[in-house]
Structure formats: structure tokens, C-alpha cells
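Per our numbering, residue 16 is the first one in the sequence shown, and the count goes up by one each step.
Glycine included, every Cβ here is placed at the ideal spot set by N, Cα and C.
For clarity, every value in this text was computed on a predicted model and none was experimentally measured.
These notes are about the structure you will find just below.
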Amino acid sequence: MEQLWLTIKFLLLGLFQGLTEPIPISSSGHLLIAQYFLDVEIEGSVSTFALLVNTASLIAVLIIYRHDIQRLIVNGLRFFKVKDEETTRDFMFIVYLVVATIPAAIIGLLFQDTIDDYLSTVVTVGITLVITGVALWLIRDIHGKRKDGGMTMKDAIIIGVSQSVALIPGISRSGATIVAAMARGINQETALRFSFLLFIPISLGGAVLSISDILNDDNLSTLAVPYIMAFAGSLVASYFSLKWFMNIMAKGQLKYFAIYCFVVGPLVVLAWFLLN
């Protein structure tokens, strides 16, 4: 019975992570909230769990954006032979993705442990959710006109720096990058695509850094089934959550996520103070 409950718990956490990963409300922050208020701890290695659910979200992104990825690869390689408008646009888009990855990679390597030690608290998440809400509210009515070919190196740097801020729990990665892109006058479709294609190298980098922790996870064999359920839950939830979010973005309804953050953030802080 205990093993069954453990499996259900991992499945629920996987579903919760997958649901909140694509949308701009911070999956890491919500997982921290869920674990705290539900008094749920992740048995085994947290790195193993994080890798599995993030990899599941990555696969969902790869499936949904597979045609864009294929086009970028083909045209990126063709650029070295044929430098026309299409190949140049897609090659530079790849360059911008690489550049935008650098700030978060550097800051993550230097300060991730410090962030985890000092900022991974429920109060921090409550406060940063409000900050996320403010950012989403400020750009809610912006309708940029610049598409893929209109992006610049400055855009990539600003979006990359914004992504690094999302290393703080409660600051949404997708929210930070989409807000930065839209604030720069990039249209919603390109902002969304750039944000989630940018998730790919960050997710792969995190997986590489977690390999040693996973190999040293003493519970890997005993928690095999719970891990698999967490992975499956995250994959399914991430896929449908991202498809839903794409529809929300197309309708320009980011304000609802801002309102959600304005409500949940203060409630989380208030609940924490009442319980402590």
C-alpha cells in the first residue's frame, strides 16, 4: 500500500510539474508550494526526479515544435551553401538561440547552488509570483510586429538575461522570456516559439549536469515505477498544457495569468505566516 501511495504521489507531482512548466506561472515555484503545503517530500534524489520531469517536458516541446526544429536544421545547414533570405533568417535564429542560452548557463553554473540554498522558500515564491504577474500585466496589450527575421542580437541578449532571472523560484522561465521578447516588439508567435526552442538547450544542459547525481541515486532501482509514472505524467501534461498555452497566446489573454499570480502570490505568503 505504501508503494502504491508513493507511485500515486510521484504521478501527481509529475502531472503538476507538466501542467505548470509551459505556462508563465513557474513550475519550480509551484512544485515547491505543493511540497510544502501538502507536506510531500520527494523520496530518492531530487535531481533524478527533476531530470525525468524536465526531460518529459522537453520531449513534449520537441514533438510540438518538430516542424520548426526540422526547418531550422535544414536551412541552418543550407545557409553555408545558399545565403538567401530564408536560410539567413533561420541561421540567425539559431545564432540568437545560442546567444540567449549563454547568460542562464553562466549564472546557473556560478550561482545555482546559492539560489537553491537561500531562495528556494515558499515566501520567495509568493513574492516572485507577484513580480511575474506585474511583468505579464505590463505587456498584456503589446502586439509586436517583428517576426523571426526581424530579431536582433540585442533581442537575444535581453531575452537570455531575462531567462537567467528565472533561475529564482517563482519567476517563470517562459514568462520571463516571452515578456522580454514582447517588450522588445516581437510578435506573440515568434516570442512563444523562441521561448520554447530556448528551453531545449537549457533542459539538455541541466540533464548533463544532473547525470552524476542520478548515477549515485541509491533509490534508482526501488523507485523505478514511481519515476516512470512521474515521467509519463509530466509528458502528457506538458504536451496538452503547451498546446493550450499556444491558444491563449494567439488570443492575447496573458492578463489571466497575471491575475492568477496576483491572487496566488499573496495567499501563499499569508498562508506561510499563519502556519509558522
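Over what stretch of residues does the alpha helix (DSSP H) that includes I157 continue unbroken?
Where I157 is concerned, there is no enclosing alpha helix (DSSP H), given that its DSSP letter is neither H nor E.
Pairs of beta-carbons, one from the region 61-74 and one from the region 99-112, closer than 8 Å: are there three or more?
no
So the alpha helix (DSSP H) Q203 belongs to, where does it begin and stop?
Q203 to L230
Please classify R199: does DSSP put it in a helix, a strand, or coil?
coil
Between the CA atoms of M244 and F214 - distance to the nearest angstrom:
23 Å
Residue from I173, Y51 and P184 with nearest C-alpha to D131:
P184
Quick one, are the C-beta atoms of L77 and I84 less than 8 Å apart?
yes
In the DSSP assignment, what are the bridge partners of R188?
According to DSSP, R188 bridges with nothing at all.
Is P39 near L212, with beta carbons less than 8 Å apart?
no
Using a Cβ-Cβ cutoff of less than 7 Å, which residues in the same chain neighbour G148 once the five nearest sequence positions on both sides are dropped?
A273, C276, F277 and G280
Taking only the alpha-carbon atoms, compute the straight-line gap between G91 and M168 and give it to the nearest angstrom.
17 Å
Delimiting residues of the alpha helix (DSSP H) encompassing V283:
K270 to L290
Are the region 34-48 and the region 173-188 in contact at 8 Å, needing three or more beta carbon pairs?
Contact between the region 34-48 and the region 173-188 is present: three or more C-beta pairs spanning the two stretches fall below 8 Å.
Does the count of Cβ pairs from the region 96-103 and the region 188-202 closer than 8 Å reach three?
no
I'd like to check one pair, A119 with S179: are the Cβ atoms closer than 8 Å?
Remark: C-beta atoms of S179 and A119 approach each other more closely than 8 Å.
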